[in-house]
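Novice:
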Amino acid sequence: MTALTTAAADRAAALHAMAVQIGPDDAFLARFNAQFERLHGLFTTLYGDREDGQEQLTATLVLAAESWTARPSALKALDAHRVAHPTWFTSERMLGGVCYVDRYAGTLAGMRQEIPALRDLGLTYLHLMPLFDAPEGENDGGYAVSSYRRVNPALGTMDELTELATELREAGMSLVVDFIFNHTSNQHEWAQRALAGDPEFADFYLIFPDRTMPDLYEQTTREIFPDDHPGSFVQTDDGRWVWATFYRYQWDLNYANPAVFRAMAGEMLFLANRGIDVLRMDAVAFIWKRLGTACESLPEAHLLLQAFNAVLAMAAPGMIFKSEAIVHPDEVVSYISLDECQISYNPLQMALTWEALATRDGRLLQQALDRRHDLPDGTAWVNYVRSHDDIGWTFADEDAAELGINGFTHRQFLNRFYTGRFDGTFARGVPFQENPLTGDARVTGTAASLAGIEAGDVGGEDRLVLAYALAMSTGGIPLIYLGDEMAQLNDYSYRDDPALRADSRWVHRARRSRERAAESQDAATLPGRVSHRIRRVISVRQNTPEFEGNTLLPFHAPHPGVVGYQRPGKNTIVLALANVSDNADAIPAVTFSGIHPAALDLITDLPSHLADGLTLPAHGFVWLRVRAV
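One gets our numbering by counting positions in the sequence shown from 1 and adding 216 to each.
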């Protein structure tokens with residue numbers, strides 16, 4: 217084994233190995249030369265004390281060269297286009313959709329049949345929830361991966377996934393899949409070989425003979441899913457203890473071992489060559505462990521992501537990363553950069569949209585848009601109303617305190633409100649992972665059920681459309697959980713399934729209702745009204761150049777229930793106003809001082825005269841185009 221030495225020596229070793237085994241082309245070598253110093257520096261920081269450092273770096277680079285050599289010509293052409301247009305994903309035409317394959321279309325072949333309908337909705341980005349091989353029964357909705365190279369047989373084959381990616385690309389849609397790289401299933405071949413004592417895989421996971429080290433780690437780590445198991449470790453059948461941050465059957469990988477990095481880089485590159493455009497980097501905050509810390513958002517987690525980014529820049533430069541970090545807002549934004557994850561979920565805006573609708577007060581949301589929306593150039597938020605996951609109230613306590621709000625008690629209120637435990641609530645959500653010791657809990661439910669439609673609340677439809685109007689206009693990529701566009705409701709049948717009943721998130725992972733889909737074609741029905749209105753919002757967004765990119769300028773209305781912001785264009789500005797309250801709010805003309813008084817309402821396509829002031833109905837919104845002054 218050879219430890220890392222100088223950049224020059226390690227570069228020479230890598231070039232020699234690649235020349236002997238592959239003979240990479242000039243295009244790859246140019247990107248290798250551009251990225252090597254960065255990757256070497258990251259490897260040195262992470263693995264400089266490892267005897268196998270150079271060996272694993274070289275092996276990783278050989279994998280990258282092999283992957284590029286095998287990369288289909290159509291994907292190489294796409295790489296070239298995206299490198300020349302690096303902000304391709306910031307267009308106002310970008311619109312994402314997300315679903316489970318089996319619950320939306322049954323199989324991958326079924327998803328191919330849905331492409332025309334998805335294109336008609338306006339999608340340019342399709343995120344398919346975990347579809348790789350996983351154990352039967354409990355598998356965390358597919359997040360317990362048994363193989364990154366096999367599709368769940370019930371859904372189809374890897375060849376069918378490749379065909380779907382090709383057809384989506386031809387239809388103008390990018391394919392997004394989850395890269396579950398913090399952990400694997402305990403049934404994964406690596407886990408089974410580690411458990412059996414195979415020396416190649418013994419260090420792929422954090423396995424300890426007794427409780428000595430787990431007890432030390434758990435002094436500072438927190439319980440993520442206390443309903444499943446206490447602490448961060450679970451016991452194996454032979455009495456040992458293995459790190460399992462989330463569920464007992466999901467074992468965390470040990471990235472302190474560079475062989476794990478090399479192996480996962482290989483899985484990543486395999487998926488890249490199958491035509492995947494975006495990898496959703498799951499649970500990024502948890503990927504590095506260090507004794508005496510919370511083992512969340514450590515500096516090494518960022519270095520690992522940057523190292524994966526460098527490998528991808530060599531072998532699949534058209535692919536990008538999406539960060540999934542449901543943590544403090546300061547930590548969320550720390551993962552977003554051209555050198556790390558180019559796009560990221562925006563959990564703060566999502567949570568505060570629901571907070572604003574519950575309180576009828578937009579001040580926390582306004583504050584977040586004012587000060588926590590900016591991102592580095594060339595990156596973008598992914599703005600969502602809800603996801604497959606639960607809603608956690610991820611606002612910063614210090615932000616809330618500025619507005620006289622106690623973060624702990626406010627979260628308790630929101631949990632009660634959205635789970636039907638507060639008098640007068642319109643929401644029909646279900647609690648998830650309640651911890652009686654800490655009072656922590658999260659909320660599950662479809663957007664329609666949370667907004668009041670299930671309860672028959674008069675404002676339910678407007679709240680749902682308003683929530684999506686915010687996601688469509690604040691900057692970044694809006695993401696629709698498919699079914700929301702037709703106001704699909706909670707599905708409580710999961711309680712009858714032994715494999716699902718312990719996980720209340722299945723309440724909002726309903727199978728696509730063909731009946732409701734048919735109703736959505738009829739404007740006289742509730743699903744039809746919601747569908748028509750959301751499709752109008754989509755159409756306007758995709759034809760509004762001011763919505764390109766992420767730039768947002770504050771605009772403050774004199775009512776706490778009204779949220780405002782401006783999206784600047786070349787010679788125009790779109791002023792967006794949203795009323796989260798249950799009452800109409802009149803905004804006086806003086807509020808619009810400094811803004812050109814002649815405006816066009818983009819949703820209605822009618823003129824608006826700001827010199828007369830403006831009245832927003834309850835749960836109403838406007839997008840007003842005005843000339844830049």
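The beta carbon of each residue, even a glycine, is placed where N, CA and C say it ideally should be.
Between ASP356, ASN402 and GLN737, which has its C-alpha nearest SER362's C-alpha?
Specialist: ASN402
Novice: Rounding to the nearest angstrom, what Cα-Cα distance links PRO455 and PRO351 in this structure?
Specialist: What sits at residue 455 in the sequence shown is Gly, not Pro. When rounded, the separation of the alpha-carbon atoms in GLY455 and PRO351 is 22 Å.
Novice: Would you decide whether ASN206 is buried or exposed? Buried here means 16 or more other CB atoms lie within 10 Å of its CB.
Specialist: For residue 206 there is no data in the structure shown, the boundaries of the chain being 217 and 845.
Novice: Could you please give the first and the last residue of the uninterrupted beta strand (DSSP E) stretch that includes TYR465?
Specialist: Taken as a continuous stretch (DSSP letters only), TYR465 belongs to no beta strand (DSSP E), as it is neither H nor E.
Novice: Would you tell me roughly how many angstroms separate the C-alpha atoms of VAL346 and THR323, rounded to the nearest one?
Specialist: With the sequence shown as reference, residue 346 is identified as Pro, and Val is not the correct amino acid for it. Cα to Cα, the separation comes out at about 13 Å.
Novice: Can you find at least 3 beta carbon pairs, one from the region 281-295 and one from the region 234-242, that sit closer than 8 Å?
Specialist: In this structure the region 281-295 lies against the region 234-242, because at least three pairs of beta carbons, one per stretch, are closer than 8 Å.
Novice: Taking PRO804 as the reference, give the member of PRO774, ALA794 and TYR634 with the closest Cα.
Specialist: PRO774
Novice: Express the C-alpha separation of LEU339 and ALA381 in angstroms, rounding to a whole number.
Specialist: Each residue's Cα considered, the two are about 14 Å apart.
Novice: What is the rounded straight-line gap between the Cα of ASP375 and the Cα of GLU483?
Specialist: 16 Å
Novice: Does the contact criterion of 3 or more C-beta pairs under 8 Å hold for the region 649-663 versus the region 550-561?
Specialist: Segments in contact, no.
Novice: With a threshold of 6 Å on Cβ separation, who are the neighbours of MET530 within its own chain once the five nearest residues in sequence on each side are excluded?
Specialist: ARG247, PHE248, GLN251 and ALA280
Novice: Below 7 Å CB to CB, which residues in the same chain sit around ALA370 once its five sequence neighbours on both sides are set aside?
Specialist: ASP318
Novice: Can you tell me the Cα-Cα spacing of ARG749 and ILE789, whole angstroms?
Specialist: Their backbone Cα atoms lie some 23 Å apart in a straight line.
Novice: With a 10 Å radius around its C-beta and 16 neighbouring C-beta atoms as the bar for buried, classify GLN625 as buried or exposed.
Specialist: Checking the sequence shown, residue 625 turns out to be Thr, not Gln. Exposed.
Novice: Do you know how far the Cα of ASN599 is from the Cα of LEU311?
Specialist: Near 10 Å, if we compare the C-alpha coordinates of ASN599 and LEU311.
Novice: What first and last residue would you give for the alpha helix (DSSP H) that runs through TRP570?
Specialist: 563-575
Novice: Can you give me the C-alpha to C-alpha distance between GLY810 and VAL753, rounded to a whole angstrom?
Specialist: 27 Å
Novice: If we count the other Cβ atoms within 10 Å of its Cβ and call it buried at 16 or more, is GLU405 buried or exposed?
Specialist: exposed
Novice: On a Cα-Cα basis, can you pick out the residue from LEU698, TYR364, GLN435 and TRP459 that is closest to LEU411?
Specialist: TRP459
Novice: Count the other CB atoms, across all protein chains shown, that sit within 10 Å of the CB of TYR634; report buried if there are 16 or more and exposed otherwise.
Specialist: buried
Novice: Run through the DSSP bridge pairs and tell me what ASP801 is partnered with.
Specialist: LEU832
Novice: Where THR261 and PHE524 are concerned, what is the direct C-alpha to C-alpha distance, given to the nearest angstrom?
Specialist: 14 Å
Novice: Going by CA-CA distance only, name the one from ALA567, ARG587, PRO761 and GLN522 that's closest to ASP555.
Specialist: GLN522
Novice: Under three-state DSSP, which class holds ILE423?
Specialist: Strand at ILE423.
Novice: Which residue from GLY269, LEU337 and PHE397 puts its Cα closest to that of ALA223?
Specialist: GLY269
Novice: Using a threshold of 8 Å, state whether the C-beta atoms of THR437 and ASN398 are closer than that.
Specialist: Contact: no.
Novice: Could you tell me whether the Cβ atoms of ARG783 and LEU816 are closer together than 8 Å?
Specialist: One thing to note: ARG783 has its Cβ no nearer than 8 Å to the Cβ of LEU816.
Novice: Do you know offhand how far VAL543's Cα is from ALA501's?
Specialist: Approximately 8 Å, taken between the alpha carbons.
Novice: On the DSSP letters alone, give me the boundaries of the alpha helix (DSSP H) that SER665 sits inside.
Specialist: SER665 -> alpha helix (DSSP H) spans 663-667.
Novice: ALA664 and LEU705: beta carbons closer than 8 Å?
Specialist: yes
Novice: Ordered along the chain, which non-local residues of its own chain (more than five positions away) have a Cβ less than 7 Å from that of ASP685?
Specialist: Sequence check: residue 685 is Ala here, not Asp. VAL753, ALA794 and PHE837, listed in sequence order.
Novice: List the residues that DSSP assigns as beta-bridge partners of THR400.
Specialist: THR400 is bridged to TRP467.
Novice: Judging by CA-CA distance, which residue of GLY608, GLN582 and TRP722 is the nearest neighbour of THR690?
Specialist: A check of alpha carbon separations from THR690 across GLY608, GLN582 and TRP722 identifies GLN582 as the nearest.
Novice: Could you check whether ALA572 and VAL796 sit closer than 8 Å to each other, using their CB atoms as the reference points?
Specialist: yes
Novice: Please tell me whether HIS775 has its Cβ less than 8 Å away from any Cβ of chain D.
Specialist: Of the protein chains in this structure there is only one, and it is not chain D.
Novice: Tell me the residue span of the beta strand (DSSP E) that contains ILE207.
Specialist: Outside the displayed range of the chain (217 to 845) lies residue 207, so it cannot be described from this structure.
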